[in-house]
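Residue numbers (full-length UniProt numbering): 1 to 157.
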């Protein structure tokens with residue numbers, strides 16, 4: 001299941017939020033199976049297997065998505081699926097021009113983190129947007145710049 005989404009994860013090189021959401025989505029899909037999939041860890045004191053919780057499950061899923069990513073990224077570059085200028089870090093605020101159409105960000109208004117979460121049923125509907133500027137219709141902030149970036153930007157009202 002994770003391997004099927006690894007190329008999509010690698011395509012989100014510049015967007016940490018999208019990577020987080022993808023790992024949340026995979027955990028949600030895993031838990032929705034019949035019978036439900038679970039993430040377990042053995043309790044050494046009791047000898048019983050216990051669910052690790054959503055945070056650990058998401059972190060472990062993201063770890064699986066990263067495994068072998070460097071090799072797969074090289075294959076994707078060789079096949080022309082991503083450009084050779086795509087890097088392994090999140091330092092660039094410029095949205096990649098070769099992002100697949102399904103994940104394209106509109107230059108007029110990028111899809112905000114919360115909109116993506118709500119559209120994909122990730123259970124984040126009750127979370128308040130971290131910045132009022134995300135709700136402005138003419139905001140041109142790329143998703144990679146929303147958190148942890150010191151890049152300056154202007155949003156018209």
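Every residue, glycine too, gets a C-beta built ideally from N, C-alpha and C. The structure presented is a predicted model; accordingly, all values stated were derived computationally and were not measured.
Starting from the Cα of residue i, find the closest Cα among the options and give me that residue.
i          : options        : result
residue 23 : 47, 63, 11, 79 : 63
residue 60 : 26, 15, 18     : 26
residue 31 : 42, 46, 53, 49 : 53
What residues are listed by DSSP as bridge partners for residue i?
i           : result
residue 204 : Examination of residue 204 is not possible in this model, given that the chain is present from 1 through 157 alone.
Where do the N-terminal and C-terminal ends of the alpha helix (DSSP H) with residue i fall, by residue?
i          : result
residue 15 : Note, residue 15: premise wrong, no alpha helix (DSSP H); not H, not E.
Identify, in the order they occur along the chain, each residue of the same chain with its Cβ nearer than 7 Å to the Cβ of residue i, setting aside the five sequence neighbours on each side.
i          : result
residue 51 : 38, 39, 40
residue 9  : 19, 22, 65
In three-state terms, what does DSSP make of residue i?
i           : result
residue 33  : coil
residue 136 : For residue 136, the pLDDT reaches just 45, beneath the cut-off of 50, and the residue's location in the model is therefore unreliable, although a value from the coordinates is still provided. In this structure, residue 136 counts as coil in the three-state DSSP scheme.
residue 75  : helix
Report all residues from its chain with a CB closer than 8 Å to the CB of residue i; omit the five preceding and five following residues, and keep chain order.
i          : result
residue 72 : 6, 7, 10
residue 48 : 42
residue 58 : 20, 23, 24, 27
residue 2  : 26, 61, 64, 65
For residue i, which residues of its own chain have a beta-carbon under 6 Å away from its beta-carbon, when the five flanking residues on both sides are left out?
i           : result
residue 69  : 10
residue 131 : Model confidence at residue 131 stands at a pLDDT of 46, short of 50, so the residue's coordinates are unreliable; what they give is reported in the following sentence. Nothing meets the Cβ criterion.
residue 81  : none
residue 46  : none
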